[in-house]
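Peer 1:
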Amino acid sequence: MPQLSQLAGVLPASPIRKLVPYAEAAKRKGTKVYHLNIGQPDIETPAVSLEAIHNLPDKVLEYTHSAGIENYRRRLADFYNRRNLGVDYTNIIVTTGGSEALLFGFLAICNAGDQVIVPEPFYANYNSFAMEAGVEIVPIKSFIENGFALPAIAEFEKKITPKTRAILICNPNNPTGYLYSKEEIEQLRELVIKHDLYLLSDEVYSDFCYDGREHYSVLNLKGVDNNVIMFDSVSKRYSMCGVRAGALISRNCGVLDAVLRMGQARLCAPYIAQVAANAAIDTPQSYFDDVKKEYIARRNCVVEALQKMDGVVCPCPGGAFYAVAKLPIDNADKFAQWLLEEFEYEGETVMVAPATGFYYNPKDCPQDEIRIAYVLKIEDLQKAMKILEIALGEYNAKRG
Ligand SMILES: Cc1ncc(COP(=O)(O)O)c(C=O)c1O
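Numbering of the sequence shown is given in the UniProt record's numbering, commencing with residue 1 and proceeding in unit increments.
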């Protein structure tokens, strides 16, 4: 048989999905599974987008411009400018989801073997994008004790080598839900100026900021136009993950030109995705207000329940729709599998993501943390938390 590539041998399977066969087996046995493992929101996609797809007038579904439909880019720039981000439509390249924007970003700024420093735990697919681009991720630990705040700048400096090209953050963060403050982002500005690095910011959860706090985008930073690249997506903003529309935004002409040529090689982002995303820009503010209210209620329900459980530590996240909790268990991977394989309470169980999958080295990280995605209705979250509490008791009792 002809050989596969080295990449094919090392590219990891998604840690979020690796327990899926156990969940499927549990469902076949008739057990109801509450999915707290994946960030698939249950909120309805805005009606304006669904209508735009239903009412497509085209007789031919054509390619679009490789940078994205101009009208969409202009309206997206207006959307950002309503948030005072100072974006021209020429600063935007529409991509196939935020995922493609991240991959293009790595490819545009890194040579094989270059390094990108990322606070961990981090969104697991960064590992895959980095491997595809031949980039080495250099993790820098953040800690549950301070809610996963930005590591000290001195710690970043210790990791910087001649191969370092960029710092990558996710704000608000997946998996921790941590919302970086303006001060933290400003510190990174100083760091990237000092060491002549790129500052990459994944802001796909920017609409999900709680407790009256505002999102501070890297596009707000002054004097670093050539350093900053922002990655965005409509997946979470409008609860339309399956549409596959994202964007890379930068004021660095060299980066934009390189990414455009990558875009030309894949011809265009999906046309129908751009139609849906363009229409979504007319989503009324009331949609966002309602969604935010719902997620705050869900977060409070989950975090308060977790904080009441014996031996559980769970900082209250300021954004996104995830929380990382430290459980009184030996091993979160084993526990998550046990929940699906061996446990049920009144015919139901929960599926959680072990946080080891969000660290660069799953063996060199806390083994007792899980990530919970609070993307279910309150009643379901309440039941899921009750099941989790009972499960913790039973799991530990069985292990003495
Ligand atoms: C932090 C983060 N970045 C990027 C993505 C990818 O988003 P998209 O669906 O736009 O490709 C996700 C998806 O879950 C995510 O959580």
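Backbone N, C-alpha and C define an ideal beta-carbon position, used for all residues, glycine too. Remember, predicted model here, so these are calculated numbers, not experimental data.
Within 10 angstroms of its Cβ, does Ala397 collect 16 or more other Cβ (buried), or is it exposed?
Peer 2: By the neighbour-count rule (16 or more Cβ atoms within 10 Å), Ala397 is not buried but exposed.
Peer 1: Give the C-beta separation of Phe321 and Tyr374 to the nearest angstrom, bearing in mind that I take them to be a contact with Cβ-Cβ under 8 Å.
Peer 2: About 5 Å separates the two Cβ atoms, so the contact holds.
Peer 1: Cys110: which of Pro121, Tyr198, Arg213 and Pro119 sits nearest, CA to CA?
Peer 2: Among Pro121, Tyr198, Arg213 and Pro119, the Cα nearest to that of Cys110 belongs to Tyr198.
Peer 1: Could you tell me whether any non-hydrogen atom of ligand 1 is closer than 6 Å to the CB of Cys241?
Peer 2: Yes, the Cβ of Cys241 comes within 6 Å of a heavy atom of ligand 1.
Peer 1: The beta strand (DSSP E) spanning Asp202 covers which residue range?
Peer 2: Asp202 -> beta strand (DSSP E) spans Tyr198 to Asp202.
Peer 1: Please report the straight-line C-alpha distance between Ala149 and Asn171, rounded to a whole angstrom.
Peer 2: In a straight line, the C-alpha of Ala149 is about 11 Å away from that of Asn171.
Peer 1: Inspect the beta-carbon positions of Ala52 and Val275 and report whether they are closer than 7 Å.
Peer 2: The answer is yes: Cβ separation under 7 Å.
Peer 1: Quick one: residues in its chain with C-beta nearer than 6 Å to the C-beta of Arg73, no 5 flanking neighbours on either side, listed in chain order?
Peer 2: So the list reads Tyr89 and Ile92, once near-sequence residues are dropped.
Peer 1: Return helix, strand or coil for Gly319, following the three-state DSSP convention.
Peer 2: Gly319 falls in the strand class under three-state DSSP.
Peer 1: Taking DSSP as the reference, what is the three-state secondary structure of Met351?
Peer 2: Residue state, collapsed to three classes: strand.
Peer 1: Under 8 Å: do the segment 308-322 and the segment 362-379 share three or more Cβ pairs, one atom per stretch?
Peer 2: Yes, they touch.
Peer 1: Using alpha carbons as the reference points, say which of Ile153, Ala152 and Phe106 lies closest to Met131.
Peer 2: Per the Cα distances, Phe106.
Peer 1: Check each candidate in Gly242, Ile378 and Pro328 and name the one with the smallest Cα separation from Ser49.
Peer 2: Selected option, being the one with the closest Cα: Gly242.
Peer 1: Count the other CB atoms within 10 Å of the CB of Leu76; is the residue buried (16 or more) or exposed (fewer)?
Peer 2: Buried, because 16 or more other Cβ atoms sit within 10 Å of the Cβ of Leu76.
Peer 1: Can you tell me whether DSSP reads Asp232 as helix, strand or coil?
Peer 2: Asp232 falls in the strand class under three-state DSSP.
Peer 1: Run the proximity test for Asp202: is its beta-carbon closer than 6 Å to any non-hydrogen atom belonging to ligand 1?
Peer 2: Yes, the Cβ of Asp202 comes within 6 Å of a heavy atom of ligand 1.
Peer 1: How would you write the range of the beta strand (DSSP E) that Glu369 sits in, first residue to last?
Peer 2: Start and end: Glu369 to Ala373.
Peer 1: When you compare the CB positions of Ala23 and Val10, do they come within less than 7 Å of one another, or not?
Peer 2: For Ala23 and Val10, no; Cβs fall outside 7 Å.
Peer 1: Let me check you understand the geometry: is the CB of Tyr123 closer than 6 Å to at least one non-hydrogen atom of ligand 3?
Peer 2: No copy of ligand 3 appears in this structure; the ligands present are ligand 1.
Peer 1: Within the continuous alpha helix (DSSP H) that includes Cys253, where are the two ends?
Peer 2: Counting along the chain, the alpha helix (DSSP H) containing Cys253 begins and ends at Cys253 to Ala265.
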